[in-house]
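Here is the structure we will look at, set down as structure tokens.
2 protein chains.
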Amino acid sequence: MLYLEDLVVGSVTELGSVVVDRGELVAFADRFDPQLMHTDEAAAAGLPFGRIIASGWHTGSMWMRLYVERVLGDIANLGGLGIDELRFPAPVRAGDILTGAVEILEARPSPRKPDRGTMVVLGTMHNQNAELVMSLRSATRVARRPEPAGD
Amino acid sequence: MLYLEDLVVGSVTELGSVVVDRGELVAFADRFDPQLMHTDEAAAAGLPFGRIIASGWHTGSMWMRLYVERVLGDIANLGGLGIDELRFPAPVRAGDILTGAVEILEARPSPRKPDRGTMVVLGTMHNQNAELVMSLRSATRVARRPEPAGD
Chain E
216 MLYLEDLVVG
226 SVTELGSVVV
236 DRGELVAFAD
246 RFDPQLMHTD
256 EAAAAGLPFG
266 RIIASGWHTG
276 SMWMRLYVER
286 VLGDIANLGG
296 LGIDELRFPA
306 PVRAGDILTG
316 AVEILEARPS
326 PRKPDRGTMV
336 VLGTMHNQNA
346 ELVMSLRSAT
356 RVARRPEPAG
366 D
Chain X
216 MLYLEDLVVG
226 SVTELGSVVV
236 DRGELVAFAD
246 RFDPQLMHTD
256 EAAAAGLPFG
266 RIIASGWHTG
276 SMWMRLYVER
286 VLGDIANLGG
296 LGIDELRFPA
306 PVRAGDILTG
316 AVEILEARPS
326 PRKPDRGTMV
336 VLGTMHNQNA
346 ELVMSLRSAT
356 RVARRPEPAG
366 D
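Chains as they are written, first to last, in my numbering: chain E, 216 to 366; chain X, 216 to 366.
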């Protein structure tokens with residue numbers, strides 16, 4: 216288990232890849248973001264992107280899975296604080312291979328509570344053509360390493 | 216269809232409600248955010264929130280569904296630009312009844328492209344106890360009303 220003190224600001228971790236499944240893309244959008252640009256291939260042909268594209272919430276959720284598996288699951292996570300600067304500079308399509316990464320931007324102790332602090336990361340997803348398709352900043356409350364019991 | 220010119224800055228729209236389904240909460244987290252605080256009731260009993268809570272990505276996605284159904288589906292949406300200040304001030308639990316709202320904060324023409332502009336909204340979700348459980352700012356590219364064809 217990694218505590219706040221163990222986090223190295225500036226370190227970058229590759230998160231591996233996920234293939235965007237067409238069925239999941241459509242099912243996610245049908246449930247959570249039912250716009251024709253996400254759900255209807257025929258309608259999407261007449262829209263700016265030409266083919267259906269993933270909901271941004273789906274792309275973000277796919278990044279989260281990679282982040283939890285490779286990084287966050289090993290950290291003494293006390294809960295998510297929020298996300299900023301979530302951007303989608305290029306569309307995500309069915310069959311795309313998305314590769315995630317995360318850089319630790321900050322790891323600072325709480326000024327008031329000695330047992331915790333805040334980690335801020337920059338998360339990214341690139342597609343198989345090395346295009347950036349998503350970026351975000353995520354802040355998480357992280358425990359500090361417990362003091363050994365004294366006597 | 217509503218164009219940029221039709222949007223009223225300061226207007227607030229109630230988006231209706233959604234009940235947080237336990238099965239969906241766990242299934243979403245199993246796929247996209249597999250942390251014990253979201254997936255394992257027994258483990259969650261020993262964690263800060265005491266019971267499983269929804270992934271923030273799930274809560275955001277539930278808000279998106281309400282927003283698309285009640286507001287965004289009627290707007291000449293050219294694509295999402297991004298999300299900022301996504302916050303989760305209180306936990307979301309299975310069985311909660313979440314009620315969404317959206318306020319239009321900005322509706323400004325593009326300085327360069329005469330056919331479009333940017334809409335910025337403040338989105339919120341409150342639970343059945345009137346606690347704010349999520350807030351965000353979302354920016355969307357919106358078409359301006361086409362000029363009637365001249366002669």
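C-beta: ideal position from N, C-alpha, C; glycine also.
Every value quoted in this text rests on a predicted model; they were computed, and no experiment measured them.
Would you say residue i faces chain X, with C-beta separation under 7 Å as the test?
i	result
E:ASP248	yes
E:GLY271	yes
E:ARG360	no
E:VAL283	yes
Kindly say whether residue i, judged by its beta-carbon, lies nearer than 7 Å to any beta-carbon of chain E.
i	result
X:ASP299	yes
X:LEU231	Note that residue 231 of chain X is Gly in the sequence shown here, rather than Leu. By this cut-off, X:GLY231 is not an interface position.
X:TRP278	no
X:GLY295	yes
X:ARG302	yes
Going by alpha carbons, who is nearest to residue i out of the options?
i	options	result
X:VAL223	X:ARG323, X:TRP278, X:MET340, X:ALA364	X:ARG323
E:ARG302	E:MET349, E:ARG280, E:ALA260	E:MET349
X:LEU351	X:ILE298, X:LEU313, X:GLY310	X:ILE298
X:ILE312	X:LEU281, X:PHE243, X:GLU300, X:ALA259	X:LEU281
X:PRO300	E:SER353, E:GLU220, E:ALA269	The sequence as given places Glu at residue 300 of chain X; Pro does not occur at that position. When only C-alpha atoms are compared, the closest one is E:SER353.
E:TYR213	E:LEU287, E:ALA257, E:GLU256	As displayed, chain E neither begins before 216 nor continues past 366, which places residue 213 of chain E out of reach and without an answer.
X:ASP221	X:GLY332, X:GLU346, X:MET340	X:GLY332
X:ARG237	X:HIS273, X:GLU284, X:GLY261	X:HIS273
To the nearest angstrom, report how far apart residue i and residue j are at their CA atoms.
i	j	result
X:PRO249	X:ARG308	16 Å
X:ASN342	E:ASN344	42 Å
X:GLY275	X:PRO326	30 Å
X:GLY310	X:THR254	15 Å
E:ALA259	E:MET277	22 Å
E:VAL357	E:GLY271	26 Å
E:THR314	E:VAL234	9 Å
E:PRO263	E:LEU251	11 Å
Return yes when the C-beta of residue i is under 6 Å from any heavy atom of the ligand ADP, and no when it is not.
i	result
X:SER325	Here there are no bound small molecules, and the ligand ADP is not part of this structure.
Within 8 Å, do at least three Cβ pairs link the region 225-236 of chain E to the region 316-327 of chain E?
Segments in contact, yes.
Report yes or no: do the region 331-338 of chain X and the region 302-318 of chain X share at least 3 C-beta pairs separated by less than 8 Å?
-> yes
Is there contact between the region 285-294 of chain X and the region 343-363 of chain E, where contact requires at least three CB pairs shorter than 8 Å? no
- Task: Output the residue ranges of the alpha helix (DSSP H) runs that lie fully inside the region 261-287 of chain E and measure 4 residues or longer, sorted by chain position.
- Result: The qualifying runs are 271-285.
In chain order, which alpha helix (DSSP H) runs of at least 4 residues are fully inside the region 323-366 of chain E?
none
Checklist entry - Does the count of Cβ pairs from the region 264-273 of chain X and the region 236-244 of chain X closer than 8 Å reach three? => result yes
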